[in-house]
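Undergrad: Chains A and B are the protein sequences, given in the same order. Numbered according to the numbering used here, the first sequence spans residues 3 to 228. Numbered according to the numbering used here, the second sequence spans residues 3 to 228. In this text, a Cβ means the ideal position worked out from N, Cα and C, and glycines have one as well. Please see the structure below; I have some questions.
Protein chains: 2
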Amino acid sequence: MADTGHEAGRAPLAAAERAYEFTKELIVSGRLSGGELISEGEIAERVGVSRTPVREAFLRLQAEELLRLFPKRGAVVVPLAPGEGEDVLEVREALECLAMRRLLRLDDVALGRVVERLREIVRGQTGPAQRVDTPAFARADQAFHLAIVAASGNVLAERFYASLGDRQLRMAAQALHPRPERLAVLVNEHGALVDAIADRDVARFEETLRAHLDATHRAFEAARRP
Amino acid sequence: MADTGHEAGRAPLAAAERAYEFTKELIVSGRLSGGELISEGEIAERVGVSRTPVREAFLRLQAEELLRLFPKRGAVVVPLAPGEGEDVLEVREALECLAMRRLLRLDDVALGRVVERLREIVRGQTGPAQRVDTPAFARADQAFHLAIVAASGNVLAERFYASLGDRQLRMAAQALHPRPERLAVLVNEHGALVDAIADRDVARFEETLRAHLDATHRAFEAARRP
DNA sequence: CCCTCGCAACATAGATACAAGAAAGATGCA
DNA sequence: TGCATCTTTCTTGTATCTATGTTGCGAGGG
Numbered sequence: 003m004a005d006t007g008h009e010a011g012r013a014p015l016a017a018a019e020r021a022y023e024f025t026k027e028l029i030v031s032g033r034l035s036g037g038e039l040i041s042e043g044e045i046a047e048r049v050g051v052s053r054t055p056v057r058e059a060f061l062r063l064q065a066e067e068l069l070r071l072f073p074k075r076g077a078v079v080v081p082l083a084p085g086e087g088e089d090v091l092e093v094r095e096a097l098e099c100l101a102m103r104r105l106l107r108l109d110d111v112a113l114g115r116v117v118e119r120l121r122e123i124v125r126g127q128t129g130p131a132q133r134v135d136t137p138a139f140a141r142a143d144q145a146f147h148l149a150i151v152a153a154s155g156n157v158l159a160e161r162f163y164a165s166l167g168d169r170q171l172r173m174a175a176q177a178l179h180p181r182p183e184r185l186a187v188l189v190n191e192h193g194a195l196v197d198a199i200a201d202r203d204v205a206r207f208e209e210t211l212r213a214h215l216d217a218t219h220r221a222f223e224a225a226r227r228p
Numbered sequence: 003m004a005d006t007g008h009e010a011g012r013a014p015l016a017a018a019e020r021a022y023e024f025t026k027e028l029i030v031s032g033r034l035s036g037g038e039l040i041s042e043g044e045i046a047e048r049v050g051v052s053r054t055p056v057r058e059a060f061l062r063l064q065a066e067e068l069l070r071l072f073p074k075r076g077a078v079v080v081p082l083a084p085g086e087g088e089d090v091l092e093v094r095e096a097l098e099c100l101a102m103r104r105l106l107r108l109d110d111v112a113l114g115r116v117v118e119r120l121r122e123i124v125r126g127q128t129g130p131a132q133r134v135d136t137p138a139f140a141r142a143d144q145a146f147h148l149a150i151v152a153a154s155g156n157v158l159a160e161r162f163y164a165s166l167g168d169r170q171l172r173m174a175a176q177a178l179h180p181r182p183e184r185l186a187v188l189v190n191e192h193g194a195l196v197d198a199i200a201d202r203d204v205a206r207f208e209e210t211l212r213a214h215l216d217a218t219h220r221a222f223e224a225a226r227r228p
């Protein structure tokens, strides 16, 4: 039973993890904007670890398409491409519609549980929307849409959808911020989506979703090029 | 240990890349099946590099969900989930239909170029189909479908679709290849898909694709559970 | 004035060394 | 024999060191 005698309970949080969180925070928060160049050594020094875990962090960030590594030259923060918002939204729409069609296979009881869970999430969004807490709302929005995909049971789609998350957050932060009055509208649209699911109305779901994402997209584009 | 300066004359392939390809080949080809345990050192020795690039390769494979890394314990090959075949096909269908709708935005000249490129790929499939070269055909099949998605210009979708291809290759390798007489049919179906694209007929494309994938899926499931 | 060659600074890529954690097997005791 | 514990060994995690490639700048020749 020899207890280790170390700071019990406190996870040491691996160096690679710290480097990852640190760098990702820099990017997602926007303190490092697209196109900027960073080096392993620079981050290593600031985090206080060696370059090896930083390298690992950079690889993960590259896999998430937040960083782009150039051999022997360095790493640049991937800028959001002009058409990227469109791409993300189209894929989201496709995956969510797929999820909706898949949800139809559930019996009424199971679908009822899904609907209840979704309504719960939507209820949780009214708070951030009223407080105009944009970052919190962005996370709640993401959780809502991800929940739809997750409920469909397609783990592949769920994983991919989740991987879009950080990218969405990055865009949402820019898209929602200048237009806080849209938040309440978004909550209503979420409610309408759940209604469509509860009614097993695929066409209405797709139509509502398209309008919902179109509005978000347009807001984003409007924010980008005033 | 391997002398590094030996083949330094031309090293177009980085050590990390070699380690990655080597390990991925082991997994996708099925020589390493789900649940098996591998270690960095083992691969490093077999590839003839140090553990550092192997570590990098493992991280990439983990990001692709082909490998699962356990801290301080090792790496296991992720087993293919029971419903994964279904999941993959559904997502493929969704993404390809999305691509088709996107292709409609192209003008006739651009669409004509796409169609011609696709026909080229289909023509290249007749050889493997007649020779019943199943692995080559599987790659050509994947290239065809990926080309459709790539032509749509959605890089996000394209990347995800490519990662699905690896999973599908892996499943195909594991399930003894179904009926070789189907290969010629598949080529014809590919041709029909291109025709639908050339005619800008979304409905026909979706219908043909669904039948195409359904048949593939059924063949796959039939091979898996005899 | 412009072009080119060469050198220095800097960045990564890979190898190696070392430390620490976890599991299997060996060992001693009741 | 059965169990607790200790040791051994295998594994990863991190640091450091060396090699190599890329960039940028400046001197020198046309």
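For A:Leu69, which three-state DSSP category applies?
TA: strand
Undergrad: At which residues does the beta strand (DSSP E) containing B:Val79 begin and terminate?
TA: 76-79
Undergrad: Mind checking which residues open and close the alpha helix (DSSP H) that includes B:Pro87?
TA: Looking at the sequence itself, residue 87 of chain B is Gly, so the reference to Pro does not match. 86-105 is the span of the alpha helix (DSSP H), which, as asked, contains B:Gly87.
Undergrad: When the Cβ atoms of the segment 93-107 of chain B are set against those of the segment 93-105 of chain A, are three or more pairs found closer than 8 Å?
TA: With a cut-off of 8 Å on Cβ pairs, the segment 93-107 of chain B is in contact with the segment 93-105 of chain A, counting three or more such pairs.
Undergrad: Return the residue from the list B:Glu67, B:Arg104, B:Glu209, B:Ile29 that minimises the CA-CA distance to B:Val157.
TA: B:Arg104
Undergrad: Residues of chain B with CB closer than 9 Å to the CB of A:Asp89, please, in chain order.
TA: For A:Asp89, the neighbours in chain B by C-beta distance under 9 Å run, in chain order, Gly155, Asn156, Val157, Leu158, Ala159.
Undergrad: Of the residues B:Leu166, B:Ser35, B:Thr128, B:Ala77, which one's Cα is nearest the Cα of B:Phe60?
TA: Taking only the C-alpha atoms, the option nearest B:Phe60 is B:Ala77.
Undergrad: Give the residues of chain B in contact with A:Phe162, contact being defined as C-beta atoms less than 7 Å apart.
TA: Simply Phe162.
Undergrad: Report yes or no: is there a C-beta of chain B within less than 8 Å of the C-beta of A:Val93?
TA: yes
Undergrad: Of all the options B:Arg184, B:Ala112, B:Ala145, which has the alpha carbon lying nearest to the alpha carbon of B:Leu166?
TA: B:Ala145
Undergrad: Using the C-alpha atoms, what's the distance from B:Arg141 back to B:Leu171?
TA: Approximately 8 Å, taken between the alpha carbons.
Undergrad: For A:Glu23, which residues from the same chain have a beta carbon less than 6 Å from its beta carbon, with the 5 sequence-adjacent residues on both sides left out?
TA: none
Undergrad: Just verifying my parser: in three-state terms, what is the DSSP assignment at A:Leu39?
TA: strand
Undergrad: Is there a Cβ of chain A sitting closer than 8 Å to that of B:Ala83, yes or no?
TA: yes
Undergrad: Would a check of beta-carbon distances place B:Arg62 closer than 8 Å to chain A?
TA: yes
Undergrad: With contact counted as at least three CB pairs below 8 Å, one residue from each stretch, are the segment 194-207 of chain A and the segment 106-114 of chain A in contact?
TA: Touching, yes, given that three or more Cβ pairs across the two stretches are closer than 8 Å.
Undergrad: Just checking: is the beta-carbon of A:Leu97 within a distance shorter than 8 Å of some beta-carbon in chain B?
TA: yes
Undergrad: Just curious, the alpha helix (DSSP H) that B:Asp135 is in, first and last residue?
TA: No alpha helix (DSSP H) holds B:Asp135; DSSP gives it neither H nor E.
Undergrad: By the DSSP assignment, the alpha helix (DSSP H) with B:Ser31 in it spans what residues?
TA: B:Ser31 -> no alpha helix (DSSP H), and no H or E assigned at all.
Undergrad: Could you work out which residue in A:Glu183, A:Thr128, A:Glu38, A:His192 is closest to A:Leu148 when comparing CA atoms only?
TA: Looking from the CA of A:Leu148, the closest CA among A:Glu183, A:Thr128, A:Glu38, A:His192 belongs to A:His192.
Undergrad: Going by other Cβ atoms of all chains shown within 10 Å of its Cβ, with 16 needed for buried, is A:Glu58 buried or exposed?
TA: Only buried fits A:Glu58, as 16 or more other CB atoms lie within 10 angstroms of its CB.
Undergrad: Mind the definition here: the segment 81-95 of chain A touches the segment 205-218 of chain A only if three or more C-beta pairs lie below 8 Å; say whether that holds.
TA: yes
Undergrad: What is the residue span of the alpha helix (DSSP H) that B:Glu281 lies within?
TA: Nothing can be reported for residue 281 of chain B, as the shown portion of chain B is limited to 3 through 228.
Undergrad: Nearest-angstrom Cα distance between B:Arg20 and A:Arg75?
TA: 21 Å
Undergrad: Please list the residues of the segment 65-83 of chain A that have a C-beta atom closer than 7 Å to any C-beta atom in chain B, keeping them in chain order.
TA: Listed in sequence order: Ala65.
Undergrad: Nearest to A:Ser35 by alpha carbon, out of A:Ala83, A:Arg133, A:Ala101?
TA: A:Ala83
Undergrad: Is it the case that the Cβ atoms of B:Gln127 and B:Val30 are separated by a distance below 8 Å?
TA: No, these two residues do not count as a Cβ contact at 8 Å.
Undergrad: Let me check understanding here. Comparing Cα to Cα, which of A:Arg107, A:Pro55, A:Ala186 lies closest to A:Ala16?
TA: A:Pro55
Undergrad: Go ahead and label B:Asp5 buried or exposed: buried means 16 or more other beta carbons lie within 10 angstroms of its beta carbon, across all protein chains shown.
TA: Here B:Asp5 scores only 34 on pLDDT, less than 50, and its place in the model should not be relied on; the value that follows carries that caveat. Exposed: under 16 other Cβ atoms inside 10 Å.
Undergrad: Less than 7 Å between C-beta atoms, sequence neighbours within five positions excluded: which residues of the same chain meet that for B:Ala46?
TA: Ser52, Arg53, Val56
Undergrad: Which residue from B:Arg206, B:Ala205, B:Val187 puts its Cα closest to that of B:Ala217?
TA: B:Val187
Undergrad: Using a C-beta to C-beta distance shorter than 9 Å, which residues of chain A count as neighbours of B:Glu1?
TA: Nothing about residue 1 of chain B can be reported from this structure: the residues present for chain B run from 3 to 228 only.
Undergrad: A:Leu185 versus chain B: which residues are under 8 Å apart at the beta carbon?
TA: Near A:Leu185 there are no residues of chain B at all, since even the closest Cβ is about 26 Å away, more than 8 Å.
Undergrad: Helix, strand or coil for B:Asp110, going by three-state DSSP, please let me know.
TA: helix
Undergrad: Does the distance from the CB of A:Phe139 to the CB of A:Ala131 come in under 8 Å?
TA: For A:Phe139 and A:Ala131, yes; Cβs fall inside 8 Å.
Undergrad: Looking at the secondary structure, which residues open and close the alpha helix (DSSP H) in which A:Leu158 lies?
TA: Note, A:Leu158: alpha helix (DSSP H), 157-165.
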